[in-house]
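Novice: What follows is a structure written as structure tokens; I'll ask about it next.
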Amino acid sequence: MKKLSFFIISSLFLIGVYFVIYNTNITKNLIVMNSIKEFSREPSSDSINLHFSIKGPRLTKTFTISELMRLKGLRTIIVEKDPAYDNKQMTYMAVPLSELFDGVGLETFSTMSFKCLDGFSGVISKTRALNQDPQGAVAYLAIEDQDKKWPRLKPDKPDTAGPFYLIWENPGKSKIMTEEWPFQLAGFELNDQSLDAQFPNTVPAENILLSDPVRRGQSLFMTNCFVCHAFNGDGVGKIGPDLNIPYSPAEYLQFKHFSILVRNPQNLRKWEQARMPGFNSSGLSDEDLRNIWSYFSHMSARKISK
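Following numbering that gives the first Met the number 0, the numbering of the sequence shown begins with 0 at its first residue and continues without gaps.
Shown next as structure tokens:
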């Protein structure tokens, strides 16, 4: 009987020791697993491909959000009428665009273009974009804080104007157009060639002087329309159709209809999915529209081979 009692007590003791060791191992494993999870968390949004780049023939510069936030020129910019947000007043942390181009060698390239995350791209005047004279509009790169994001562009979609957005201080001083406010920016690309050399099919006849309305119309077209529309087979704009082939607007519209289309596209064709904005007279004057029309009319006779 004594032997049986000793056996039972010994067994219970061993079972107890087993459970203590087992539970201790579980606790250790849980601590190790939690530690692994702690160190294998997803990287912060700041480190997931959120960088801004300037690419040129001989130089590439890349900035992270953190690096941009540490630049000496960082300041608060208030935009009174923000075109990305239905002309509402917006406040941004931004750096002068010209500061990002330090050391690039501006005299060595002819043109610059912007690239956006959604594929939107366009040519922009380097003189305007890199101006530092307060007598004119000054461009800034607005930087979105990933922990305190900007408002949505549309209520039903999550996209904001970030992570980078080209904004302007005193845009009225240089008549900055809506198309010169690209948002969701990825960066800029620099090119040694002039626009005429890059896009030869957009160039008027050789006998057209620079002072001619046709040439002025070409310049206005390249600034305001070329970002969305190809022309005569040239360009990367894919949002709207080519505006010279197979037909130019000057071949199927009268000028009065063209004016309606530019001022408010919905007044000419009702289409809820249309993406073309209207241009008021402060952005494009009536004379500007006449010049663009002169360019269209002239180029309608200079179509590339089909």
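Virtual Cβ for every residue (Gly too), placed ideally from N, Cα, C.
Give me the residue from K269, M221, G282 with the minimum Cα distance to V122.
Specialist: In the sequence shown, residue 122 corresponds to position 123, counting from 1. Among K269, M221, G282, the Cα nearest to that of V122 belongs to M221.
Novice: Please classify Y246: does DSSP put it in a helix, a strand, or coil?
Specialist: Numbered from 1 along the sequence shown, position 247 holds the residue referred to as residue 246. DSSP places Y246 in coil when its eight states are reduced to three.
Novice: Between G234, K125, S293, which has its C-alpha nearest R215's C-alpha?
Specialist: The residue you call residue 215 lines up with position 216 of the sequence shown. Closest by alpha carbon: S293.
Novice: Between which two residues does the beta strand (DSSP E) carrying M221 extend?
Specialist: For the purposes of this step, residue 221 is taken as the residue at position 222 of the sequence shown. Segment 212-223 is the alpha helix (DSSP H) holding M221; no beta strand (DSSP E) there.
Novice: For D45 and S258, what's the separation of their Cα atoms in angstroms?
Specialist: Position 46 of the sequence shown holds residue 45. Position 259 of the sequence shown holds residue 258. Confidence in D45 is poor, its pLDDT being 42 and thus under 50, which makes the residue's placement unreliable; the coordinate value appears in the next sentence. Cα to Cα, D45 sits roughly 45 Å from S258.
Novice: Between L189 and M111, how many whole angstroms is the CB-CB distance? I'm expecting something under 8 Å.
Specialist: Residue mapping note: residue 189 aligns to position 190 of the sequence shown, counting from 1. Residue mapping note: residue 111 aligns to position 112 of the sequence shown, counting from 1. About 5 Å; that satisfies the 8 Å criterion.
Novice: Grab the span of the beta strand (DSSP E) containing Y84 for me, first residue to last.
Specialist: Numbered from its first residue, the sequence shown carries residue 84 at position 85. First-last for Y84: undefined, no H or E at that position.
Novice: What runs of the alpha helix (DSSP H), each 4 residues or longer, lie entirely inside the region 59-104?
Specialist: For the region 59-104, whole alpha helix (DSSP H) runs of length 4 or above, ordered along the chain, are 64-68, 96-99.
Novice: Buried or exposed: which applies to I64, given that a residue is buried once 16 or more other Cβ atoms fall within 10 Å of its Cβ?
Specialist: Residue 64 sits at position 65 when you count from the first residue of the sequence shown. I64 should be labelled buried.
Novice: How would you call D81, buried or exposed, if buried means at least 16 neighbouring beta carbons within 10 angstroms?
Specialist: As a first step, residue 81 is located in the sequence shown; it is residue number 82 there, counting from the start. The residue is buried, with at least 16 neighbouring Cβ atoms inside 10 Å.
Novice: Pull up the distance between the alpha-carbon of I142 and that of P170, whole angstroms please.
Specialist: As a first step, residue 142 is located in the sequence shown; it is residue number 143 there, counting from the start. As a first step, residue 170 is located in the sequence shown; it is residue number 171 there, counting from the start. For I142 and P170, the distance between alpha carbons rounds to 19 Å.
Novice: Compare the beta carbon distance of I303 and N200 with 7 Å and say whether it is the shorter of the two.
Specialist: Against the sequence shown, residue 303 aligns to sequence position 304. Against the sequence shown, residue 200 aligns to sequence position 201. Yes, the pair counts as a contact, with Cβ atoms nearer than the cut-off.
Novice: If you count every other CB in all the chains shown that lies within 10 Å of the CB of E178, and 16 or more means buried, which is it?
Specialist: Along the sequence shown, read from residue 1 onward, the residue named residue 178 stands at position 179. It counts as buried.
Novice: Would a C-beta distance cut-off of 7 Å place L116 and A185 closer than the cut-off?
Specialist: Here residue 116 refers to the residue found at position 117 when the sequence shown is read from its first residue. Here residue 185 refers to the residue found at position 186 when the sequence shown is read from its first residue. A contact, by the Cβ cut-off of 7 Å.
Novice: To which residues of the same chain is R151 closer than 7 Å at the C-beta, ignoring the five residues directly before and after it?
Specialist: Along the sequence shown, read from residue 1 onward, the residue named residue 151 stands at position 152. Within the same chain, R151 has close Cβ partners P157, D158, T159.
Novice: Beta-carbon within less than 6 Å of C227's beta-carbon, same chain only, minus the 5 sequence neighbours each way: which residues are those?
Specialist: Numbered from its first residue, the sequence shown carries residue 227 at position 228. Only G236, I238, G239 meet the Cβ criterion.
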